[in-house]
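All remarks here apply to the structure that follows.
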Amino acid sequence: MLGRYVCRCSLRRQGLSVSRGLASSAYTNPTKAGDEATTTTPEDLTPHQRKLLEGALRVDQAGEIAANWIYHGQHVVLSRDRATGELIKEMWEQEKKHLAVMDKLQVQHNVRPTLLTDVAKVAGFGLGAVTALMGKEAAMACTEAVETVIGEHYEDQLKELDEMTTKHPSIPLLKGVIKEFKDDELEHLDIAVENHAQRAPAHALLSAVVGAGCMVAIEICKRV
Amino acid sequence: MASSSKLLKLAIPLVRTHGFSREALARSVLELPAGEAHSEPLSDSAVSSLFGEGDKARKNLIEAWLVDGVRHMQKAEAESTSAPPTLRDVLRTRLQYNEPVLAQLPEAFALLATTSSNFHFVDPLPALHHAGRIADEACYAIGDKSLHLSWYTKRASIASVYTAAELHQLVSPNTAYAFLDSLLDKSAALSNSLGEVSLFSSYILKSWQGIIKSQGIL
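First to last, the sequence lines map onto chains A and B.
Each residue of the first sequence is one higher than the one before, starting from 1 at the first, in full-length UniProt numbering.
Each residue of the second sequence is one higher than the one before, starting from 1 at the first, in full-length UniProt numbering.
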């Protein structure tokens with residue numbers, strides 16, 4: 001638990017040190033469309049690097065799909081509470097943008113999406129709705145656990161991308177996008193903690209179960 | 001000594017005259033640039049050492065030819081007046097690539113579908129991989145933006161259309177392009193139903209089995 005806390009703090013510190021220039025605007029701003037960095041994929045990657053890139057984008061896309069549906073599930077249950085509903089809506093809107101960018105990255109790099117898209121949707125909605133039914137604090141604990149795992153996962157991906165030697169402009173841009181998304185996810189984590197995630201019933205157990213589920217899902221989506 | 005991948009590339013044009021044979025592989029060294037070219041074809045043991053024993057060497061040559069065929073599809077992108085090219089253009093380009101070696105293809109596909117084990121059964125994976133690779137390249141060439149599960153249904157639909165057109169081409173080369181066009185015209189409805197695609201795939205699999213049986217492999 002302490003290790004995880006230290007890791008999270010370290011992620012936050014690194015996140016704060018990163019410039020918040022919006023790398024994702026290369027994909028969301030129509031005036032920047034047609035750029036080599038956003039329309040082509042590197043041809044000079046080794047088979048191992050290509051596999052890493054495809055696995056990373058496949059997992060990221062599946063993760064953003066699941067995150068969207070988690071917030072959807074939470075919003076369905078908690079939208080009656082105006083303040084919490086607004087908070088969830090705000091985070092959900094950010095996840096929608098993340099998913100739109102990941103969809104464009106999947107097409108750009110010609111990556112096979114996971115076969116488990118619909119499973120991610122159903123599991124995400126179920127997780128969001130069930131934790132929201134347990135109360136606002138449990139919903140926030142769910143967000144805290146999910147965003148912790150995703151933040152760590154994005155951090156690992158940045159290290160993998162650093163090892164790629166290609167000079168293709170799409171890779172530095174991808175690193176910028178992942179840094180930006182990592183910071184967004186850690187911001188969600190902070191919001192969850194500030195909104196009493198740790199007051200949730202059986203917080204440690206809930207965090208462990210949700211976190212372990214996320215890690216298993218990441219490994220499955222890399223392959224399937 | 002040139003690398004085996006370089007020799008495989010040099011052997012691809014020889015398929016027209018020597019088929020997907022060990023002979024084509026042996027003669028690849030004669031096609032090396034001046035100074036590197038050998039005066040005699042490779043010995044059988046050298047072919048085995050570089051490309052594998054028996055039919056394994058032939059399978060490697062077939063695989064190299066199929067990979068080259070995917071590369072050939074990019075010609076459609078370069079030659080297309082519209083950007084990106086249409087699906088019709090891309091699949092036609094791939095069918096054209098088959099034309100010089102049509103006579104050798106049934107045996108080549110049959111060889112790919114034959115397992116090296118003692119049990120003689122048809123392995124459908126090479127055929128599926130072949131069609132899937134062409135469908136994926138075609139989608140990339142035409143700038144397809146399918147997401148999530150529609151990514152799979154789109155490729156399954158194109159793979160089915162292409163495989164049917166290719167099978168038709170083996171039997172009736174002159175009408176293959178018209179057959180492809182007619183399939184593409186009907187494919188919109190096909191891609192909307194995964195169930196229909198799987199049904200269609202089972203027919204294609206049966207056709208493959210029929211062709212392999214007709215070649216006397218089984």
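No residue lacks a Cβ here, since even glycine has one placed at the ideal position from N, Cα and C.
Quiz item: What's the call for B:Asn60, buried or exposed, on a 16-neighbour Cβ count within 10 Å?
Solution: Position 60 of the second sequence, counted from the start, is the residue given in the question as residue 60 of chain B. Buried, by the Cβ-count rule.
Exercise. Return the residue from the list B:Lys9, B:Ala138 and B:Leu66 that minimises the CA-CA distance to B:Pro126.
Key: To locate residue 126 of chain B, count along the second sequence from 1; it is residue 126. For the residues B:Lys9, B:Ala138 and B:Leu66, the minimum Cα distance to B:Pro126 belongs to B:Leu66.
Quiz prompt | Beta-ladder partner(s) of B:Thr114, from DSSP | solution = The residue you call residue 114 of chain B lines up with position 114 of the second sequence. Answer is B:Val122, bridged to B:Thr114.
Practice problem: Drop a sphere of 10 angstroms on the beta-carbon of A:Arg80, count the other beta-carbons inside from all chains shown, and report buried for 16 or more, exposed for fewer. | Solution: Reading the first sequence from its first residue, position 80 is the one you call residue 80 of chain A. Exposed.
Practice problem: Could you check what DSSP says for B:Phe20 in three-state terms: helix, strand or coil? | Solution: Here residue 20 of chain B is taken as the residue at index 20 of the second sequence, counted from 1. In the structure shown, B:Phe20 sits in coil (DSSP, three-state: anything other than H, G, I, E or B).
Practice problem: In angstroms with no decimal places, state the Cα-to-Cα distance between B:Ala26 and B:Asp44. | Solution: Start at 1 with the first residue of the second sequence, and residue 26 of chain B comes out as number 26. Start at 1 with the first residue of the second sequence, and residue 44 of chain B comes out as number 44. B:Ala26 and B:Asp44: Cα-Cα distance of roughly 7 Å.
Quiz item: Buried or exposed: which applies to A:Arg223, given that a residue is buried once 16 or more other Cβ atoms fall within 10 Å of its Cβ?
Solution: Position 223 of the first sequence, counted from the start, is the residue given in the question as residue 223 of chain A. It is exposed - the Cβ of A:Arg223 has fewer than 16 other Cβ atoms within 10 Å.
Practice problem: Rounded to whole angstroms, what's the CA-CA distance from B:Ile211 to B:Gly19? Just pull it up for me. | Solution: The count along the second sequence starts at 1 and reaches residue 211 of chain B at position 211. The count along the second sequence starts at 1 and reaches residue 19 of chain B at position 19. Rounded to the nearest angstrom, the two C-alpha atoms are 18 Å apart.
Practice problem: Can you tell me which of the three DSSP states A:Met164 falls into? | Solution: Here residue 164 of chain A refers to the residue found at position 164 when the first sequence is read from its first residue. A:Met164: coil per DSSP, three-state reduction.
Quiz item: Mapping DSSP to helix, strand and coil, what is B:Leu149?
Solution: Taking the first residue of the second sequence as position 1, residue 149 of chain B is located at position 149. Residue state, collapsed to three classes: helix.
Quiz item: Counting along the chain, where does the alpha helix (DSSP H) carrying B:Leu50 start and finish?
Solution: As a working mapping, residue 50 of chain B is identified with position 50 in the second sequence. Taken as a continuous stretch (DSSP letters only), the alpha helix (DSSP H) holding B:Leu50 covers Asp44 to Phe51.
Quiz item: With C-beta atoms as the reference, is A:Ala132 less than 8 Å away from A:Leu78?
Solution: For the purposes of this step, residue 132 of chain A is taken as residue 132 along the first sequence, with counting starting at 1. For the purposes of this step, residue 78 of chain A is taken as residue 78 along the first sequence, with counting starting at 1. The answer is yes: Cβ separation under 8 Å.
Exercise. Starting from A:Ala197, trace the alpha helix (DSSP H) both ways and give me its first and last residue.
Key: As a working mapping, residue 197 of chain A is identified with position 197 in the first sequence. Run containing A:Ala197: none; DSSP gives neither H nor E here.
Self-check item: Limits of the unbroken alpha helix (DSSP H) element including A:Met91
Solution: Reading the first sequence from its first residue, position 91 is the one you call residue 91 of chain A. That run of the alpha helix (DSSP H) goes Arg82 to Gln108.
Quiz item: Taking the continuous alpha helix (DSSP H) assigned at A:Ile220, which residues delimit it?
Solution: Within the first sequence, residue 220 of chain A is the residue found at index 220, counting from 1. Its alpha helix (DSSP H) spans residues His203 to Arg223.
Quiz prompt | Any C-beta of chain A under 8 Å from that of B:Leu125 | solution = Along the second sequence, read from residue 1 onward, the residue named residue 125 of chain B stands at position 125. Judged by the 8 Å Cβ criterion, B:Leu125 is not in contact with chain A.
Quiz item: So, are the CB atoms of B:Ile158 and B:Leu87 less than 8 Å apart?
Solution: As a first step, residue 158 of chain B is located in the second sequence; it is residue number 158 there, counting from the start. As a first step, residue 87 of chain B is located in the second sequence; it is residue number 87 there, counting from the start. Cβ distance < 8 Å, so B:Ile158 and B:Leu87 count as in contact.
Exercise. Please classify B:Asp185: does DSSP put it in a helix, a strand, or coil?
Key: Within the second sequence, numbered from 1, the residue matching residue 185 of chain B stands at position 185. Three-state result, B:Asp185: helix.
Self-check item: chain B contacts made by the segment 104 to 119 of chain A, where a contact means CB separation under 8 Å
Solution: Gln106, Val107, Asn110, Arg112, Pro113, Leu115, Thr117 and Asp118
Quiz item: How big is the Cα-Cα spacing for A:His98 and A:Glu155?
Solution: Reading the first sequence from its first residue, position 98 is the one you call residue 98 of chain A. Reading the first sequence from its first residue, position 155 is the one you call residue 155 of chain A. Their Cα atoms are separated by approximately 16 Å.
Practice problem: Assuming A:Gly73 and A:Val149 form a contact by the criterion Cβ under 8 Å, report the distance between their Cβ atoms to the nearest whole angstrom. | Solution: Locating residue 73 of chain A in the first sequence gives position 73, counting from the first residue. Locating residue 149 of chain A in the first sequence gives position 149, counting from the first residue. Between A:Val149 and A:Gly73 the Cβ distance is about 18 Å, and since that is not below 8 Å, they are no contact.
Quiz item: Buried or exposed: where does A:Phe181 fall if 16 or more other Cβ atoms within 10 Å of its Cβ makes it buried?
Solution: For the purposes of this step, residue 181 of chain A is taken as the residue at position 181 of the first sequence. By the 10 Å Cβ count, A:Phe181 comes out buried.
Quiz item: Roughly how many angstroms lie between the CA atoms of A:Thr41 and A:Ser25, to the nearest whole one?
Solution: To locate residue 41 of chain A, count along the first sequence from 1; it is residue 41. To locate residue 25 of chain A, count along the first sequence from 1; it is residue 25. Cα-Cα distance, rounded: 18 Å.
Quiz item: Given that B:Lys145 touches chain A, what residues does it touch there, using C-beta distances under 8 Å?
Solution: Position 145 of the second sequence, counted from the first residue, corresponds to residue 145 of chain B. Those are Val107, listed as they occur along chain A.
Quiz item: Hey, would you say B:Gln209 sits closer than 8 Å to B:Val101, going by beta carbons?
Solution: Counting from one through the second sequence, the residue named residue 209 of chain B turns up at place 209. Counting from one through the second sequence, the residue named residue 101 of chain B turns up at place 101. No, the pair does not count as a contact, with Cβ atoms beyond the cut-off.
Quiz item: So with Cβ pairs under 8 Å, would you call B:Tyr203 a contact of chain A?
Solution: As a first step, residue 203 of chain B is located in the second sequence; it is residue number 203 there, counting from the start. Not an interface residue.
Quiz item: Name the chain A residues whose beta carbon is nearer than 7 Å to that of B:Tyr140?
Solution: Sequence index remark: in the second sequence, residue 140 of chain B carries index 140 (1-based). In chain order: Asn110.
Exercise. Determine, using beta-carbon pairs with one atom in the segment 161 to 168 of chain A and one in the segment 102 to 114 of chain A, whether at least three such pairs fall under 8 Å.
Key: no
Quiz item: What distance in whole Å lies between the Cβ atoms of B:Leu7 and B:Leu95, which are believed to be in contact at a cut-off of 8 Å?
Solution: In the second sequence, counting from the first residue as 1, residue 95 of chain B sits at position 95. In the second sequence, counting from the first residue as 1, residue 7 of chain B sits at position 7. Their Cβ separation, rounded to whole angstroms, is 27 Å, which puts B:Leu95 and B:Leu7 out of contact at 8 Å.
Quiz item: For the ligand NAP, is there a heavy atom less than 7 Å away from the beta-carbon of B:Pro173?
Solution: Ligands displayed in this structure: none; no statement on the ligand NAP is therefore possible.
Exercise. Specify the secondary structure class of B:Gln215 as computed by DSSP and reduced to three states.
Key: Here residue 215 of chain B refers to the residue found at position 215 of the second sequence. Reduced to three states, the DSSP call for B:Gln215 is coil.
Quiz item: Between the Cα of A:Ala37 and the Cα atoms of A:Ala200, A:His168, A:Ile191 and A:Ile88, which residue gives the shortest distance?
Solution: For the purposes of this step, residue 37 of chain A is taken as the residue at position 37 of the first sequence. Here the closest residue by C-alpha is A:His168.
Exercise. Give every residue of the same chain whose Cβ lies closer than 6 Å to the Cβ of A:Arg13, excluding the five residues on either side of it in the sequence, and list them in chain order.
Key: Translated into positions along the first sequence, residue 13 of chain A becomes position 13. With a pLDDT of 38 at A:Arg13, under the threshold of 50, the modelled position of this residue cannot be trusted; read the value that follows with caution. Taken in chain order, the list of residues that qualify is empty.
Quiz item: So A:Pro113 is in the alpha helix (DSSP H); what residue range does that whole segment cover?
Solution: If you number the first sequence from 1, residue 113 of chain A lands on position 113. A:Pro113 -> no alpha helix (DSSP H), and no H or E assigned at all.
Quiz item: Do A:Ala200 and A:Gly135 come within 8 Å of each other at the CB atom, strictly closer than that value?
Solution: Reading the first sequence from its first residue, position 135 is the one you call residue 135 of chain A. Reading the first sequence from its first residue, position 200 is the one you call residue 200 of chain A. A contact, by the Cβ cut-off of 8 Å.
Practice problem: Check whether the segment 134 to 144 of chain B touches the segment 169 to 179 of chain B, counting contact only when three or more Cβ pairs, one atom from each stretch, lie closer than 8 Å. | Solution: no
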